[in-house]
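One structure is given below, encoded as structure tokens.
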Amino acid sequence: MALAWAWFWRRTPGDLRRLRPCVIVALGGAALGAVMLGPLLGIPACLATGRCSAPSFQQITAYGALAGLCAGLALLDRLRGVRGGRALDALAPCLGLLVCVARMGCFVAGCDFGAPTQVPWAVRYPPGTPAFGWHRDAGWIAASAPSSLSVHPTQLYEAALGLVVCGVVLAAEHARRARALVPDARAAGGRSGTLFAAAAVTYAVGRAAIDLVRGDGAATTWPTTAQCLGVVLVAGVVLWMTGRQGQGRRNTPELDIDAPCS
């Protein structure tokens, strides 16, 4: 989080400096989203079957954390007078950095592990880790086994996906600046929100692909929850950008620097 905030600081010069403290506050939204998404996703099944249990807030979800962070910043940027997708564009590559570092932590801890495999880069986990416990409880290994089965390092796959998100956003940003130098392409090249849209779609598609080789509890049903959320995310981004294009045609101002801070 410190690395992401430092990068966001460097990406918000000039009038966008007022957004720097907003990211710190929005991190509270990330924590809230991380623990709330699981219980919220359980509401439809509860209503459909009538079998409801007390919500568990122990499961932390990446989608919930990212959604909470983005929603928190989007709300705060409105309160600070910044309209449109400028704040989310500044945040976009930082999201990839968050995913990368967080998933490396998952790799060390042994959670969010992959399915059993014999690929040369497969990893094994020692007793006391989630991967070992899952394989032991499934009867695949004995409790006295020295390690889990060889599994896909899906955490590293997603860490790499985070770097891909950063690369895609920076490439899109470079292309947008280049197009902005051409007078006929200025309006299309300068549309705010496009960088965030690129980050969101890249993560959704990559995460859906990685889930094909997940081996923990997140992969017990197909399609997985993350894959379904990815479809919803891509559809939402398309609708959001379509709406923003309509606003752009009406020349809606991007920034009101005289708006009061809240």
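Here the sequence shown is numbered in this note's numbering, starting from 2 and rising by one per residue. Glycine residues also receive a C-beta, built at the ideal position from the N, C-alpha and C atoms. Since the model is a prediction, treat every value here as computed from it, not as a measurement.
Contact holds between the stretch 193-212 and the stretch 87-101, because three or more Cβ pairs, one in each stretch, are under 8 Å apart.
Under the three-state reduction of DSSP output, R21 falls in the helix class.
One Cα belongs to E159, the other to C101, and the distance between them is close to 7 Å.
Annotated as proximal: T203 and V169, with beta-carbon spacing under 9 Å. Distances from the CA of V24 to each of D78, L33, Q60 and C167 were compared; the closest alpha carbon is that of D78.
Cα atoms of V152 and P121: separation of roughly 10 Å, rounded to the nearest angstrom.
Nearest C-alpha to G69 among A35, A93 and P94: A35. Taking C-beta atoms under 8 Å as the contact rule, V238 and A198 qualify, at a distance of about 5 Å. Under the rule that a run must span 4 or more residues, the alpha helix (DSSP H) segments found entirely inside the stretch 90-155 read 131-138.
Between L4 and L98, the beta carbon gap of about 6 Å places them in contact (Cβ cut-off 8 Å).
DSSP places R177 within a helical segment (H, G or I) once states are collapsed to three.
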